[in-house]
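Data first, discussion second: the structure below is written as structure tokens.
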Amino acid sequence: MICEICGKRKATRTISIEGAKVEVCNHCSGSIETEIKKEQKPKTYTLYRPVNNIKNILEEYMKSNSISLKDLSNRTKISEIDIKAIIDGRLIDKEKIRRLEKITGKTLIEKITIVDTPDQHKADDKIKLEEFIDGERS
Ligand SMILES: [Zn+2]
Numbered sequence: 024m025i026c027e028i029c030g031k032r033k034a035t036r037t038i039s040i041e042g043a044k045v046e047v048c049n050h051c052s053g054s055i056e057t058e059i060k061k062e063q064k065p066k067t068y069t070l071y072r073p074v075n076n077i078k079n080i081l082e083e084y085m086k087s088n089s090i091s092l093k094d095l096s097n098r099t100k101i102s103e104i105d106i107k108a109i110i111d112g113r114l115i116d117k118e119k120i121r122r123l124e125k126i127t128g129k130t131l132i133e134k135i136t137i138v139d140t141p142d143q144h145k146a147d148d149k150i151k152l153e154e155f156i157d158g159e160r161s
């Protein structure tokens, strides 16, 4: 395994950079750790994710307007398969969910701001971040 930072020396250890495992050589691991320690300023992530009750909102909307999934699909130009997947939480597509927001007049996407300091990184943070639609780092 070659060091992933310099690409020259042999990697001797695995370190964690922002939750990602990186194979590095002795030389690079030293300089990276120093840099991470210097950078103590918390990072802010702005993330978007579907609201918890998106399923209820969409089912309720169809019920109260007496429309079928097919009707909703026609009105939003989103395929029935995709709507089903959004309802079940299997599809996270911000642009499509926005269209559903428009037609239902309900908030279906919530914005979350996470303040993250390097010290607080845990392994499961990474998994959680992937659940979000997209992230904008600022
Ligand atoms: Zn190296």
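Residues 24 to 161 in my numbering are what the sequence shown lists, from first letter to last.
Just so you know, even glycine gets a beta-carbon here, dropped at the ideal spot from N, CA and C.
What you are looking at is a predicted structure, and each value in this text was computed from that prediction instead of being measured.
Assumed close pair residue i, residue j - CB separation to whole angstroms, cut-off 8 angstroms
i      : j      : result
Ile132 : Val74  : 7 angstroms
Lys134 : Thr69  : 7 angstroms
Asp163 : Leu114 : No statement about residue 163 is possible, as the shown extent of the chain runs from 24 to 161 and does not include it.
Tyr71  : Lys117 : 6 angstroms
Residues near residue i in its chain [Cβ-Cβ closer than 6 angstroms; skip 5 each side]
i      : result
Tyr84  : Thr127
Lys31  : none
Met24  : Ala34 and Glu46
Ala146 : Any reading at Ala146 must be qualified, since the residue scores a pLDDT of 48, below 50, and its modelled position is unreliable; the value itself is stated next. Within the same chain, Ala146 has no close Cβ partners at all.
Lys86  : none
Contact set for residue i: own chain, Cβ-Cβ below 7 angstroms, skip 5 residues either direction
i     : result
Val47 : Cys26, Glu27, Ile28, Ala34, Arg36, Ile38 and Ile55
Lys93 : Glu103
Lys44 : Thr37
Ser52 : Arg36 and Ile38
Beta-carbon proximity list for residue i, same chain, < 8 angstroms, skipping 5 on both sides
i      : result
Lys129 : Ile80 and Tyr84
Residue nearest to residue i in terms of C-alpha spacing, selected from the options
i      : options                       : result
Lys100 : Ile109, Lys31 and Lys119      : Lys119
Asp111 : Tyr71, Asn49, Gly53 and Lys78 : Lys78
Arg3   : Arg122, Ile109 and Asp116     : Absent from the model: residue 3. The displayed extent of the chain is 24 to 161, so no value can be given.
Ala108 : Gly53, Glu82 and Ser52        : Glu82
Original post:
For ligand 1, which residues count as neighbours when the test is a C-beta closer than 7 angstroms to any heavy atom?
Top reply: Cys26, Ile28, Cys29, Lys31, Arg32, Val47, Cys48, His50 and Cys51
Original post:
At which residue ranges does the segment 69-147 contain complete beta strand (DSSP E) runs of 3 or more residues, listed in the order of the chain?
Top reply: 132-139
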